[in-house]
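When you read off a place in the sequence shown, starting at 1, and then add 3, the result is the number in this note's numbering.
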Amino acid sequence: MLQAESRRVRGALIAKLRDILPRQFVLTETEQLRPYECDGLTAYRQLPWIVVLPSNSEEVEKILALCTARGVPVVARGAGTGLSGGALPHPHGVLLSMTRFDRILSVDRANRTACVQPGVRNIAISEEVEGMGLYYAPDPSSQIACSIGGNVAENSGGVHCLKYGLTVHNILKLEVVLMSGESVTIGADALDMPGYDLLALMTGSEGMLGVVTEVTVRLLPKPAVARVILAAFDDLAVAGNAVAAIIGAGIIPAGLEMMDNPAILAVEDFVHAGYPRDAAALLLCELDGTESEVEAGIREVTRILELQGATEIRVATDEAERQRFWSGRKNAFPAVGRISPDYYCIDGTIPKKRLGEVLTGISKLSNEYDLRVANVFHAGDGNLHPLILYDGSQAGAFERTEALGGKILELCIAVGGTITGEHGVGVEKLNQMCIQFEMPELDQFHAIKKAFDPAALLNPGKAVPTLSRCAEFNAMHVHKGRLPFPELPRF
4 MLQAESRRVR GALIAKLRDI LPRQFVLTET EQLRPYECDG LTAYRQLPWI VVLPSNSEEV
64 EKILALCTAR GVPVVARGAG TGLSGGALPH PHGVLLSMTR FDRILSVDRA NRTACVQPGV
124 RNIAISEEVE GMGLYYAPDP SSQIACSIGG NVAENSGGVH CLKYGLTVHN ILKLEVVLMS
184 GESVTIGADA LDMPGYDLLA LMTGSEGMLG VVTEVTVRLL PKPAVARVIL AAFDDLAVAG
244 NAVAAIIGAG IIPAGLEMMD NPAILAVEDF VHAGYPRDAA ALLLCELDGT ESEVEAGIRE
304 VTRILELQGA TEIRVATDEA ERQRFWSGRK NAFPAVGRIS PDYYCIDGTI PKKRLGEVLT
364 GISKLSNEYD LRVANVFHAG DGNLHPLILY DGSQAGAFER TEALGGKILE LCIAVGGTIT
424 GEHGVGVEKL NQMCIQFEMP ELDQFHAIKK AFDPAALLNP GKAVPTLSRC AEFNAMHVHK
484 GRLPFPELPR F
């Protein structure tokens, strides 16, 4: 009886959705739904109930209003490159794919802004304005594929976020459709606007408060000069301390990235970036600005690296070598994927001065759990991306891997850091949210969610755990000393 009723409800909803969209943009067959069953965190999978692909704001408004009237959950999805399960479908909900929102609507060269739809790829903005001497600064490693709407949902950064900021620092205005079907404008074309800073609230809200249909981004002039220093170290903790020394000297590089030996070897075998294979750790430090600023910066950073014990220091001699150095970092994730059947990417952030001891702690945890860990991360702002290597075909391997990931995030919290820098919480880090925040704080997060989405239909079960879940988790965590396997959101 229940299955028959579910089929009836689904059939009626499909008919209504086809009144809003052409038939080919309402996907209902299993083979059509399968590509949407997960995002970049492939360990969590759920076949969508229905997938819709709108192309304009009016269609989104009608879809959300229909789902609200029928009490049907909605999950918005961009390019699906997220790494926390934030776009995991709801088993009895509508998955709203924004891939057809793929146009750059306008570029204002005088004011250095561009108005784009959320399905536009990150790198496409810089390609569009390159001839104007401008670019869009946030550059996640997935920038050739990830979409601006997803970047807003996760507040994405990239290798140059140390100097130029995260997504929230590089956007001015959002057009957003609320779950009720109402469209609102958040932010302004000007540098500021009266009232609460809802732009910052919406950015990084993981699709729980509204569906972004238009984004106005800031554009920056391309630096006159950019040069990269490559520094090798024979000790991981020493390299971490060198990062703190650079920042402590008042230098703000355009990018400051770090890799350990397992990552170095994987990258060299994959892209042949010219990294020293025997190094325990590698730093990439980019300086940009005028010729004189960059030259002075290179001299000072080189001096600091020598004092901190770098075993080798190289400065890119031309643009081709600079791009080659960065190609290794940009391809680190797929490179590591070649040396292990599976890997699990962690995303935590710590104070830079604690970098050395946290890396040492990760090494100890790696030995304790008997799992290899390759470290690739934004060292300049303390955003860590340990990659835990495992074989998912082995019984219990993922559960053990996830437990190690949880311990690494708890280590980040213990030194004054956070459980995420740019990947978001999604379904992946719900348990660690219970450690990061106290119950009254979580209660306020739920109150904010309710203000935007009273029926909790938009991306339910993500980002903020229920208070009952936290009470249960904390009891298990204290008394059993282990992390329970997170449950998928259910209708």
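Cβ coordinates follow ideal geometry from the N, Cα and C atoms, glycine included. Note that the coordinates shown come from a computational prediction; the quantities given were computed from them, not determined experimentally.
Asked	Found
Just checking Phe-336 against the ligand ZN - is the residue's beta carbon closer than 7 Å to any of the ligand's heavy atoms?	Only the bare structure without any ligand can be found here, which leaves the ligand ZN out of the picture.
Buried or exposed: Leu-310, going by 16 or more other Cβ atoms within 10 Å of its Cβ?	exposed
Check for me: the alpha helix (DSSP H) holding Ser-369 runs from which residue to which?	358-372
So Met-262 and Asn-386 are in contact, right, with Cβ under 8 Å, and what is the actual spacing, rounded?	Not a contact, Cβ separation roughly 14 Å.
Give the DSSP bridge partners of Ile-301, in chain order.	Looking at the DSSP assignment, Ile-301 forms no beta bridge with any residue, so it has no partner.
According to DSSP, simplified to helix, strand and coil, what is Leu-491?	Legend: pLDDT at Leu-491 = 35, less than 50; position of this residue unreliable, value from coordinates given subsequently. Reduced to three states, the DSSP call for Leu-491 is coil.
If we count Cβ pairs, one from each stretch, closer than 8 Å, do we get three or more for the region 392-399 versus the region 334-350?	yes
Quick check on this structure: which residue in Ala-478, Asn-462, Ala-282 and Ile-349 has the alpha carbon closest to the alpha carbon of Ser-87?	Ile-349
Let me check understanding here. Comparing Cα to Cα, which of Ser-60, Ala-338, Arg-230 and Pro-57 lies closest to Ala-323?	Arg-230
How about Gly-213 and Val-171: are their beta carbons less than 8 Å apart?	no
Out of Cys-70, Gln-49 and Glu-61, which one is the CA nearest neighbour of Val-12?	Cys-70
Look at the alpha carbon of Pro-197 and the alpha carbon of Asn-173, and state the distance between them as a whole number of angstroms.	19 Å
Pick from Pro-468, Thr-219 and Gln-435: whose alpha carbon is nearest that of Asp-446?	Pro-468
Just the C-alpha distance for Leu-67 and Gly-429, rounded to the nearest angstrom, thanks.	21 Å
According to DSSP, simplified to helix, strand and coil, what is Asn-462?	coil
Examine the Cβ distances between the region 412-421 and the region 284-297 and report whether three or more of them are shorter than 8 Å.	no
So for Ile-316, helix, strand or coil by DSSP?	strand
Considering only residues of the same chain and omitting the five flanking positions on each side of Arg-485, which have a CB-CB separation below 6 Å?	Residue confidence is low: Arg-485 scores 40 on pLDDT, short of 50, so the model does not pin down where it sits. Its coordinate-derived value is still stated next. Excluding residues within five positions, none has a Cβ falling inside 6 Å.
In three-state terms, what does DSSP make of Phe-380?	strand
Could you give the residue range of the alpha helix (DSSP H) that holds Ala-72?	60-73
For a test of the three-state rule: what should DSSP assign to Thr-102, helix, strand or coil?	coil
Using 8 Å as the cut-off, can you tell me whether the region 358-369 makes contact with the region 326-340, which would need three or more C-beta pairs spanning the two stretches below that distance?	no
If we ignore side chains and look at the alpha-carbon of each, how far apart do Arg-496 and Gly-81 end up?	Since the first residue of the chain shown is 4 and the last is 494, residue 496 is not available in this structure.
What do you get for Asp-291, buried or exposed, if any count of 16 or more other CB atoms within 10 angstroms of its CB means buried?	buried
With distances taken Cα to Cα, identify the nearest neighbour of Met-205 among Gly-184, Leu-222, Glu-178 and Ser-183.	Glu-178
May I ask you to report which of helix, strand or coil DSSP gives Thr-31?	coil
Which residue wins for smallest C-alpha separation from Arg-332, given the options Phe-455, Val-187, Ile-23 and Ser-144?	Ser-144
Count Cβ pairs between the region 210-228 and the region 115-123 that sit closer than 8 Å; are there 3 or more?	yes
Just how far apart, CA to CA, sit Ala-338 and Leu-99?	32 Å
With Asp-345 as the anchor, note down where its beta strand (DSSP E) starts and where it stops.	345-348
Do the region 181-191 and the region 273-281 make contact, defined as three or more Cβ pairs closer than 8 Å?	no
Short of 8 Å in beta carbon distance, which residues of its chain neighbour Ala-247, apart from the five on each side in sequence? Order them along the chain.	Lys-355, Lys-356, Leu-358 and Gly-359
Taking 8 Å as the CB-CB limit, is Val-274 close to chain B?	Among the protein chains of the structure shown there is no chain B, as only one such chain exists.
Sort Glu-130, Ala-398, Pro-121 and Leu-287 by Cα distance to Cys-149 and report the nearest one.	Pro-121
So for Lys-176, helix, strand or coil by DSSP?	strand
Quick one: give me the first and last residue of the beta strand (DSSP E) that Tyr-167 is part of.	Segment 164-167 is the alpha helix (DSSP H) holding Tyr-167; no beta strand (DSSP E) there.
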